[in-house]
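What follows is a single structure, written as structure tokens, with notes after it.
4 protein chains.
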Amino acid sequence: MDVSATAALRHLATTQALRRVPIGIIGPREATQHQCALAEELGFAMAQHGLQLLCGGKNGVMEAACKGHAAGGGLPIGLLPDEEWQAANPYVAIPIATGIGPARNAIIARSCLVLVAIGGGVGTLSEMALGLQFKRLVLALADAPVVDGVPRLDSTEAALARIADRILWNL
Amino acid sequence: MDVSATAALRHLATTQALRRVPIGIIGPREATQHQCALAEELGFAMAQHGLQLLCGGKNGVMEAACKGHAAGGGLPIGLLPDEEWQAANPYVAIPIATGIGPARNAIIARSCLVLVAIGGGVGTLSEMALGLQFKRLVLALADAPVVDGVPRLDSTEAALARIADRILWNL
Amino acid sequence: MDVSATAALRHLATTQALRRVPIGIIGPREATQHQCALAEELGFAMAQHGLQLLCGGKNGVMEAACKGHAAGGGLPIGLLPDEEWQAANPYVAIPIATGIGPARNAIIARSCLVLVAIGGGVGTLSEMALGLQFKRLVLALADAPVVDGVPRLDSTEAALARIADRILWNL
Amino acid sequence: MDVSATAALRHLATTQALRRVPIGIIGPREATQHQCALAEELGFAMAQHGLQLLCGGKNGVMEAACKGHAAGGGLPIGLLPDEEWQAANPYVAIPIATGIGPARNAIIARSCLVLVAIGGGVGTLSEMALGLQFKRLVLALADAPVVDGVPRLDSTEAALARIADRILWNL
Numbered sequence: 001m002d003v004s005a006t007a008a009l010r011h012l013a014t015t016q017a018l019r020r021v022p023i024g025i026i027g028p029r030e031a032t033q034h035q036c037a038l039a040e041e042l043g044f045a046m047a048q049h050g051l052q053l054l055c056g057g058k059n060g061v062m063e064a065a066c067k068g069h070a071a072g073g074g075l076p077i078g079l080l081p082d083e084e085w086q087a088a089n090p091y092v093a094i095p096i097a098t099g100i101g102p103a104r105n106a107i108i109a110r111s112c113l114v115l116v117a118i119g120g121g122v123g124t125l126s127e128m129a130l131g132l133q134f135k136r137l138v139l140a141l142a143d144a145p146v147v148d149g150v151p152r153l154d155s156t157e158a159a160l161a162r163i164a165d166r167i168l169w170n171l
Numbered sequence: 001m002d003v004s005a006t007a008a009l010r011h012l013a014t015t016q017a018l019r020r021v022p023i024g025i026i027g028p029r030e031a032t033q034h035q036c037a038l039a040e041e042l043g044f045a046m047a048q049h050g051l052q053l054l055c056g057g058k059n060g061v062m063e064a065a066c067k068g069h070a071a072g073g074g075l076p077i078g079l080l081p082d083e084e085w086q087a088a089n090p091y092v093a094i095p096i097a098t099g100i101g102p103a104r105n106a107i108i109a110r111s112c113l114v115l116v117a118i119g120g121g122v123g124t125l126s127e128m129a130l131g132l133q134f135k136r137l138v139l140a141l142a143d144a145p146v147v148d149g150v151p152r153l154d155s156t157e158a159a160l161a162r163i164a165d166r167i168l169w170n171l
Numbered sequence: 001m002d003v004s005a006t007a008a009l010r011h012l013a014t015t016q017a018l019r020r021v022p023i024g025i026i027g028p029r030e031a032t033q034h035q036c037a038l039a040e041e042l043g044f045a046m047a048q049h050g051l052q053l054l055c056g057g058k059n060g061v062m063e064a065a066c067k068g069h070a071a072g073g074g075l076p077i078g079l080l081p082d083e084e085w086q087a088a089n090p091y092v093a094i095p096i097a098t099g100i101g102p103a104r105n106a107i108i109a110r111s112c113l114v115l116v117a118i119g120g121g122v123g124t125l126s127e128m129a130l131g132l133q134f135k136r137l138v139l140a141l142a143d144a145p146v147v148d149g150v151p152r153l154d155s156t157e158a159a160l161a162r163i164a165d166r167i168l169w170n171l
Numbered sequence: 001m002d003v004s005a006t007a008a009l010r011h012l013a014t015t016q017a018l019r020r021v022p023i024g025i026i027g028p029r030e031a032t033q034h035q036c037a038l039a040e041e042l043g044f045a046m047a048q049h050g051l052q053l054l055c056g057g058k059n060g061v062m063e064a065a066c067k068g069h070a071a072g073g074g075l076p077i078g079l080l081p082d083e084e085w086q087a088a089n090p091y092v093a094i095p096i097a098t099g100i101g102p103a104r105n106a107i108i109a110r111s112c113l114v115l116v117a118i119g120g121g122v123g124t125l126s127e128m129a130l131g132l133q134f135k136r137l138v139l140a141l142a143d144a145p146v147v148d149g150v151p152r153l154d155s156t157e158a159a160l161a162r163i164a165d166r167i168l169w170n171l
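Same order as they appear, the protein sequences are chains A, B, C and D. Numbering-wise, this note's numbering puts 9 at position 9 of the first sequence, and it's gapless, one number per residue. Numbering-wise, this note's numbering puts 108 at position 108 of the second sequence, and it's gapless, one number per residue. Numbering-wise, this note's numbering puts 7 at position 7 of the third sequence, and it's gapless, one number per residue. Numbering-wise, this note's numbering puts 145 at position 145 of the fourth sequence, and it's gapless, one number per residue.
Written out as structure tokens, the structure reads:
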């Protein structure tokens, strides 16, 4: 029987106690409706496939990703730049207030197995570049910055398939 | 009806979608049997009361805390000093590889609402002092370092009661 | 009398106790001869104009920049990813061992008034993007990554003139 | 000829291009006159012996240390928690704005060869404990917190002698 990587991942997630190595969704605080729709859709799909979302915990793309992930049954983690957990958007289930400001981007990039950029400016660009520097798989959706070594995908399904390939076969 | 803070917490955790603000268990990598037994017991009780464990993700007290928390149905987070998630102890459900070395202690101290020290030397002492600096509630079990402003408790039940008081009434 | 910004800076540096807000030179550890020649030349010119060099303290472009700066009478600072100062290249006068790994890039980008990229890959790109995110002036020499908002200059004199403009008139 | 370690250090500093591995002075923002007098005296003596001061760059003990060091001909470094260099006290010659908040204490403790605590509360205590964790020599003057493994000295001369012993013979 042939199964897709995505289906295999879903099967594993519901039958095994896999490590929940975080998958990151990164993007701007001030986001377009289209960017937010994509982030919410991807966050939801990730939760449905047993994937742990980690993001910056603030507004825009981050809030949409958390909203989708929570709706899909996930426990979205927000790695905040702030000193207190109350600064998290309302959909963050597990707030981690780092108190180190935007330098927390380096920890998001390091700790995630895959980073999916949805839109974004120089803040997102720095996270993408840090991700590449740390040998993470970095993917781009919508109008994320163009960076060498970052595949541009045209759907959240395509992103999920790439994430599954990375988890299952380290592709 | 009078209920204990611990019972109230348990009720809330199972009926409400509370934010899972992390509670930290801190202590040495090379730990005594007694320290590990306490950490495992507290991790288990925390999970049973819906509390999110965050720890350093390494061995000794950290591993015992994760083991208990996972056994109690929790998803223990390990905030690792290392660059890759594989450095986590086997009971960490959500590994967060920070790549910043022992400086990650400052983030553990910042992000946790309460820090419970079980044994420990200068590493644990620095986390306790950072916790106090950040106005966190810091508790000591077993032979944790003596620090002004840190109540010394004689059981995991007493620690859980103090955690519940902090969450419910900010005591 | 008309004077260039560069000449004004030189005058000020030798007659006033200006704050030595760091100027960064960033680039790859494995650098070409051309990149190293530029870094050494710029480091030297910076020292001659009383400017404080801060860099990552390792090899390649960083070492060449320190070599030039020291030869020009400066005290180059190396903000190291490592845990011990001995990891600095031999021309670093003031080693600052951060122990936080490549996350120290965020501190280089934050602490420098101007960042000059000479060549470089994703590591340099992440520092450039962090610099833009923190509203720093970021300049590119030689074959540094192409980034929106980063002027590409064709000589170290041009870079020095831009640095002087930023210091004197916040341009 | 017998010479003291302090005299040997002074000789070396004025005849050799030694690495300026930082020496830290740590203590509270709100300091007593006595604490400030000690910090200023030690900062001055350090400069006279060619030692590089690094401190947190803020007020109280930090400002007094910088004032003395600058008066002695040094270039005091302030490793600031803030995002912009303007937050430094007026005597800081080289401001390094880390933007990571009090987590910068971990970098002060890591980067200094010796840490001298003058007075202080839990913030100073955390730096002292981090210093011990990183195997630094940690010294206490005046009413600094009592910590196992931290010698308590009764004069800045005694502190300088211990610093010289560490630099010259790694004692």
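We treat Cβ as the ideally placed atom computed from N, Cα and C, and that holds for glycine.
Could you confirm whether any beta carbon from chain A is found closer than 8 Å to the beta carbon of B:E83?
Within the second sequence, numbered from 1, the residue matching residue 83 of chain B stands at position 83. Chain A, which has a Cβ nearer than 8 Å to the Cβ of B:E83, makes this yes.
Could you give the distance in angstroms between the alpha-carbon of C:L75 and the alpha-carbon of B:E41?
To locate residue 75 of chain C, count along the third sequence from 1; it is residue 75. To locate residue 41 of chain B, count along the second sequence from 1; it is residue 41. Using only the alpha carbons, I get a separation of about 54 Å.
Quick one: Cα of A:L18 to Cα of B:A93, how far?
Walking along the first sequence from the start, residue 18 of chain A turns up at place 18. Walking along the second sequence from the start, residue 93 of chain B turns up at place 93. If you take the alpha carbons of A:L18 and B:A93, they lie about 8 Å apart.
Since B:A129 is in the alpha helix (DSSP H), which residue starts that stretch and which ends it?
Against the second sequence, residue 129 of chain B aligns to sequence position 129. Run containing B:A129: V122 to Q133, per the alpha helix (DSSP H) assignment.
Between the stretch 150–161 of chain D and the stretch 153–166 of chain B, are three or more C-beta pairs nearer than 8 Å?
Flag = no, the stretch 150–161 of chain D and the stretch 153–166 of chain B do not touch.
Are the CB atoms of C:C55 and C:I26 within a distance shorter than 8 Å?
As a working note, residue 26 of chain C is residue 26 in the third sequence. As a working note, residue 55 of chain C is residue 55 in the third sequence. Going by C-beta atoms, C:I26 is nearer than 8 Å to C:C55.
Looking at B:L125: is its Cβ nearer than 8 Å to the Cβ of B:P145?
Here the question's residue 125 of chain B lines up with position 125 in the second sequence. Here the question's residue 145 of chain B lines up with position 145 in the second sequence. Yes, these two residues count as a Cβ contact at 8 Å.
Using three-state DSSP, classify B:V61 as helix, strand or coil.
Translated into positions along the second sequence, residue 61 of chain B becomes position 61. Correct three-state label for B:V61: helix.
Just checking D:I94 against the ligand GDP - is the residue's beta carbon closer than 7 Å to any of the ligand's heavy atoms?
Only the bare structure without any ligand can be found here, which leaves the ligand GDP out of the picture.
So is C:E101 in contact with chain B if we call contact Cβ pairs under 8 Å?
The sequence position of residue 101 of chain C within the third sequence is 101, counting from 1. Note that residue 101 of chain C is Gly in the sequence shown, not Glu. True, the Cβ-Cβ gap to chain B drops below 8 Å.
If you check the beta carbons only, do A:I77 and A:L53 fall under 8 Å apart?
One-based indexing of the first sequence puts residue 77 of chain A at position 77. One-based indexing of the first sequence puts residue 53 of chain A at position 53. In this structure, A:L53 lies closer than 8 Å to A:I77 by Cβ.
Could you tell me whether the stretch 30–47 of chain C touches the stretch 112–123 of chain C, using the rule of 3 or more Cβ pairs below 8 Å?
Cβ pair count under 8 Å is three or more, so yes.
Could you tell me which chain D residues have their CB closer than 8 Å to the CB of C:Q52, listed as they occur along the chain?
Taking the third sequence and counting its residues from 1, the one referred to as residue 52 of chain C is at position 52. Simply I94.
Look up C:L139 in the DSSP assignment and say whether it is helix, strand or coil.
Here residue 139 of chain C corresponds to residue number 139 of the third sequence, with the count starting at 1. It is a strand residue.
If you draw a straight line from the C-alpha of A:H49 to the C-alpha of D:G60, how long is it?
For the purposes of this step, residue 49 of chain A is identified with residue 49 of the first sequence, where counting begins at 1. For the purposes of this step, residue 60 of chain D is identified with residue 60 of the fourth sequence, where counting begins at 1. Taking the straight line joining both Cα atoms gives about 54 Å.
Along the chain, where does the beta strand (DSSP E) containing A:G78 start, and where does it finish?
For the purposes of this step, residue 78 of chain A is taken as residue 78 along the first sequence, with counting starting at 1. Looking at the DSSP string, the run of the beta strand (DSSP E) that includes A:G78 is I77 to L80.
Return yes when the Cβ of B:A88 is within less than 8 Å of the Cβ of B:G68, no when it is not.
Numbered from its first residue, the second sequence carries residue 68 of chain B at position 68. Numbered from its first residue, the second sequence carries residue 88 of chain B at position 88. Going by C-beta atoms, B:G68 is not nearer than 8 Å to B:A88.
Output yes or no for whether 8 Å exceeds the beta carbon distance between D:V99 and A:G43.
Residue 99 of chain D sits at position 99 when you count from the first residue of the fourth sequence. Residue 43 of chain A sits at position 43 when you count from the first residue of the first sequence. Checking the sequence shown, residue 99 of chain D turns out to be Gly, not Val. No.
So if DSSP puts C:R152 in a beta bridge, which residue, or which two residues, is it bridged to?
To locate residue 152 of chain C, count along the third sequence from 1; it is residue 152. According to DSSP, C:R152 bridges with C:A140.
Starting from the beta carbon of B:S126, find every residue of chain D whose beta carbon is closer than 7 Å, and list them in chain order.
Within the second sequence, numbered from 1, the residue matching residue 126 of chain B stands at position 126. Under the 7 Å cutoff, chain D gives S126, A129, L130 and Q133.
Report the rounded CA-to-CA distance for C:L79 versus A:T156, giving the unit in angstroms.
Your numbering for residue 79 of chain C matches position 79 in the third sequence. Your numbering for residue 156 of chain A matches position 156 in the first sequence. Distance between the alpha carbons of C:L79 and A:T156 is about 40 Å.
Of all Cβ atoms in chain C, is any one closer than 8 Å to the Cβ of A:V116?
Here residue 116 of chain A is taken as the residue at index 116 of the first sequence, counted from 1. No, no contact with chain C.
Taking the alpha-carbon positions, what's the A:A106 to C:R110 distance?
Translated into positions along the first sequence, residue 106 of chain A becomes position 106. Translated into positions along the third sequence, residue 110 of chain C becomes position 110. Going by the C-alpha atoms only, they are around 13 Å apart.
Quick check: is the beta carbon of A:A106 nearer than 8 Å to any beta carbon in chain C?
Taking the first sequence and counting its residues from 1, one reaches residue 106 of chain A at position 106. With 8 Å as the cut-off, A:A106 counts as an interface residue toward chain C.
Quick check on DSSP: helix, strand or coil for B:P102?
Sequence index remark: in the second sequence, residue 102 of chain B carries index 102 (1-based). It is helical.
Under the three-state reduction of DSSP, which class applies to D:G50: helix, strand or coil?
As a position in the fourth sequence, residue 50 of chain D is number 50, starting the count at 1. If DSSP states are grouped into helix, strand and coil, D:G50 belongs with coil.
Which chain B residues are close to A:A140, counting only those with a beta carbon under 9 Å from its beta carbon?
Walking along the first sequence from the start, residue 140 of chain A turns up at place 140. The contacting residues do not exist; A:A140 stays about 23 Å from chain B at best.
Using a Cβ-Cβ cut-off of 8 Å, state whether A:A8 counts as contacting chain B.
Position 8 of the first sequence, counted from the first residue, corresponds to residue 8 of chain A. Not one chain B Cβ lies under 8 Å of A:A8.
Cutting at 8 Å between CB atoms, please list the residues of its own chain near A:A13, excluding the five before and the five after it.
Within the first sequence, numbered from 1, the residue matching residue 13 of chain A stands at position 13. Contacts found: H49, G50 and L51.
Going by beta carbon distance, what residues of the same chain come within less than 7 Å of A:E30, once the five residues before and after it are set aside?
The residue given as residue 30 of chain A occupies position 30 in the first sequence. Counting only Cβ-Cβ distances below 7 Å, and skipping sequence neighbours, we find G60.
Which residue or residues does DSSP assign as beta-bridge partners of A:C55?
One-based indexing of the first sequence puts residue 55 of chain A at position 55. Beta-bridge pairing links A:C55 to A:G78.
When you compare only the Cα positions, how much space is there between B:L153 and B:I167?
Your numbering for residue 153 of chain B matches position 153 in the second sequence. Your numbering for residue 167 of chain B matches position 167 in the second sequence. Distance between the alpha carbons of B:L153 and B:I167: 18 Å.
Going by DSSP, which residues form a beta bridge with A:P95?
By 1-based counting over the first sequence, the position of residue 95 of chain A is 95. Paired residue(s): A:G78.
Residue range of the beta strand (DSSP E) that C:V21 falls in?
By one-based count along the third sequence, residue 21 of chain C stands at place 21. Unbroken run through C:V21: none, as it is neither H nor E.
Rounded to a whole number of angstroms, what is the C-alpha to C-alpha distance between B:R10 and A:A71?
Working through the second sequence from its first residue, we reach residue 10 of chain B at position 10. Working through the first sequence from its first residue, we reach residue 71 of chain A at position 71. Distance between the alpha carbons of B:R10 and A:A71 is about 23 Å.
Classify C:L38 as helix, strand or coil using the three-state DSSP reduction.
Here the question's residue 38 of chain C lines up with position 38 in the third sequence. Reduced to three states, the DSSP call for C:L38 is helix.
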